[in-house]
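Protein sequence lines correspond, in order, to chains A and B.
With this note's numbering applied, the first sequence closes on residue 276, and no number is skipped along the way.
With this note's numbering applied, the second sequence closes on residue 276, and no number is skipped along the way.
One structure is given here, and the rest of the page talks about it.
Number of protein chains: 2
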Amino acid sequence: MSDYPQLSVNQATLREQCSLAEIVPLLARHAIHGVAVWRDKLHECGVKQGAQLLRDHNMTVTGYCVGGLLSDPDPTVFEQSLEDNRRIIEEAAEINAQCVVFLAGGLVAGVKDIDAARERALEGLSLLIPEARAAGVVLGLEPLHPMVCASRSVLSTMKAANDWRDQLEAPDVVGIVVDTYNVWWDPDLSQEIARAGQAICAFHVADWLVDTSDLRLDRGMPGDGVIDIPRIRALVEDAGYGGPREVEIFSRDNWWRRDPDEVLEIIKARYRHSM
Amino acid sequence: MSDYPQLSVNQATLREQCSLAEIVPLLARHAIHGVAVWRDKLHECGVKQGAQLLRDHNMTVTGYCVGGLLSDPDPTVFEQSLEDNRRIIEEAAEINAQCVVFLAGGLVAGVKDIDAARERALEGLSLLIPEARAAGVVLGLEPLHPMVCASRSVLSTMKAANDWRDQLEAPDVVGIVVDTYNVWWDPDLSQEIARAGQAICAFHVADWLVDTSDLRLDRGMPGDGVIDIPRIRALVEDAGYGGPREVEIFSRDNWWRRDPDEVLEIIKARYRHSM
């Protein structure tokens with residue numbers, strides 16, 4: 002039994018410090034039994050070995066990162082990305098992940114048609130539904146912050162994610178991932194979280210530092226920034242989500258340089274009041 | 002008669018190179034007769050002297066930057082900001098600016114109630130309407146990019162700006178500023194620009210670089226990034242806006258280091274096809 006039943010740590014939070022083979026026993030020693038797995042780290046470990054390791058330590062895999070990235074206008078690249086996503090779905094099934102974290106993809110330099118990029122990403126997602134359904138894998142659409150619209154995701158709001166989900170008509174397969182860092186600024190947040198309802202398949206937490214210095218790699222520890230994370234948690238719980246709070250902190254100059262035990266102790270200390 | 006009747010240059014584009022006394026004759030030599038003025042630069046020149054300079058060079062002042070910043074929860078700070086905005090309105094009238102560029106303001110470190118910050122900014126704006134009306138000055142609400150929500154503006158979308166304008170019921174005084182860099186990612190952009198209609202009082206252009214490296218000071222020259230600026234210009238023109246395209250590029254490591262004549266030549270070269 003875990004002391005932190007609703008806590009998961011995305012392994013990106015200790016990206017620079019730990020392999021998968023290292024982080025899983027480390028989390029278990031800290032009585033944390035939720036983890037989100039990144040693909041490069043799983044491959045480094047070996048998919049079968051990683052799946053066994055996760056089972057051996059009784060880990061709930063709260064997400065497999067990342068699928069999607071299907072916005073490229075080159076048909077060859079698009080087909081290759083689709084094939085890649087089929088492998089990702091198989092791997093997610095093998096590690097029993099609660100969802101694939103699914104990102105739309107950004108814009109390629111020189112391409113300015115954002116509507117077309119959105120249409121391609123949506124089409125790609127629709128083409129993957131049969132495989133995901135057969136594998137019993139949920140595709141968790143995660144809107145990212147508009148500041149990474151060009152580089153990472155043309156899907157930028159909860160409203161857009163809900164709209165896509167409505168269009169796809171596959172509620173058993175398509176979920177929605179709420180990440181506080183990506184959506185906290187959104188004036189429509191409460192209504193769109195309520196609209197997502199039980200489609201919410203993961204809840205990621207990180208804080209926004211007032212003096213943030215980087216577009217991707219300067220996330221804050223819950224409690225250190227301006228996001229009212231407990232309020233957003235209340236919104237997702239009111240919407241019907243009862244799963245873990247997954248701490249996902251990309252932090253090149255701070256948390257990625259610290260001792261992993263220290264990072265986890267701080268996460269646990271913040272668990273009750275700051276997330 | 003200007004060769005570039007629809008072109009304006011926001012003086013932030015040459016912030017590091019030119020004072021107001023320098024940029025106004027420089028623009029005139031380049032046959033550009035639109036400029037947006039920043040308050041610190043006007044004060045450096047002297048308000049009366051600056052106003053005379055602008056008249057002498059037949060400049061259309063497409064905006065006065067910046068007013069607002071009224072989100073602080075400290076009542077004393079709020080009152081001081083209101084007083085400051087009253088001076089800003091007087092100065093805008095003196096230089097015959099087409100609008101005050103009005104920013105909501107961000108969050109103070111330690112404050113997490115974004116809804117309350119929005120309410121204060123909206124209340125502050127409402128309190129300034131009588132003075133603005135008496136002075137014949139338009140307050141141009143500019144939604145900023147969500148990545149500066151904490152530091153600069155809790156007003157992040159065209160929809161939110163339109164909602165505020167509806168609530169204020171002062172269509173003669175409250176306008177909306179569309180800045181391509183701030184709103185290009187918004188999936189509701191076309192409908193909210195159409196909704197703003199003739200309330201659009203300024204159109205700012207800058208491009209988003211795919212590899213942008215800074216949250217505020219790495220804007221791109223129109224044509225160098227991923228924003229389809231001509232498409233957004235068509236949207237604002239379809240909505241009824243017939244005014245200038247104002248080039249506003251904050252660029253610490255590139256355009257702020259270049260020769261001002263070179264920057265203006267490039268802007269003029271991009272004028273016809275990239276904005």
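All C-beta atoms in this analysis are idealised placements derived from N, C-alpha and C, irrespective of residue type, glycine included.
Quick caveat: nothing in here was measured; it's all calculated off a predicted structure.
- About 5 Å separates the Cβ atoms of E95 (chain A) and A52 (chain A), confirming a contact at the 8 Å cut-off.
- At a cut-off of 4 residues, the continuous stretches assigned as alpha helix (DSSP H) that sit fully inside the region 177-249 of chain A are 181-184, 190-197, 230-239.
- The C-beta of K49 (chain A) has fewer than 16 other C-beta atoms within 10 Å across all chains shown, which makes the residue exposed.
- With respect to chain B, the C-beta atom of W209 (chain A) has a partner C-beta closer than 7 Å.
- Interface residue (Cβ-Cβ distance to chain A less than 7 Å): L21 (chain B) is not classified as such.
- Counting along the chain, Y272 (chain B) sits inside the alpha helix (DSSP H) bounded by residues 261-272.
- Under a criterion of Cβ atoms nearer than 9 Å, the residues of chain B adjacent to C150 (chain A) are, in order, W185, W186, W209, V227.
- Comparing alpha-carbon positions, the option among A:G226, A:V149, A:S275, A:T61 lying closest to A235 (chain A) turns out to be A:S275.
- Beyond the five residues adjoining it in sequence on each side, A117 (chain A) comes within less than 8 Å, by CB distance, of P74 in the same chain, given in chain order.
- Collapsing the DSSP output to three states places G125 (chain A) in a helix.
- Interface annotation for the region 83-113 of chain A against chain B: G107, L108, V109, A110, G111, V112, K113, criterion Cβ-Cβ distance under 9 Å.
- Assignment of L8 (chain B) by DSSP, reduced to helix, strand and coil, places it in the strand class.
- Note on geometry: alpha-carbon atoms of V101 (chain B) and A197 (chain B) lie some 17 Å from one another.
- A distance of 7 Å or more separates the beta carbons of A22 (chain A) and G64 (chain A).
- In the three-state DSSP reduction, A32 (chain B) falls in the coil class, being neither helix nor strand.
- Taking the Cβ atoms as the reference, E193 (chain B) lies roughly 4 Å from M159 (chain B), within the contact range of under 8 Å.
- In the three-state scheme derived from DSSP, where H, G and I count as helix and E and B as strand, A37 (chain B) is classed as strand.
- Taking a Cβ-Cβ cut-off of 9 Å, the neighbours of H146 (chain B) in chain A comprise P147, M148, given in sequence order.
- If you compare the alpha carbons of A:A151, A:L128, A:L15 with that of E170 (chain A), the shortest gap goes to A:L128.
- Approximately 19 Å separates the beta-carbon atoms of D208 (chain B) and P188 (chain B); this is outside 8 Å, ruling out the contact.
- Between R166 (chain B) and V178 (chain B), the C-beta gap is not smaller than 7 Å, which leaves the two residues out of contact.
- As computed with DSSP, C66 (chain B) is found in a beta bridge with B:W39, B:V102.
- Between S252 (chain B) and R220 (chain B), the CB-CB gap stays under 7 Å.
- For chain B, the residues of the region 154-169 of chain A that bring a beta carbon within less than 7 Å of one of its beta carbons are S157, T158, A161, in chain order.
- In the three-state scheme derived from DSSP, where H, G and I count as helix and E and B as strand, S275 (chain A) is classed as helix.
- Look at the beta carbons and you see the region 54-61 of chain B not touching the region 85-95 of chain B: under three pairs across the two are nearer than 8 Å.
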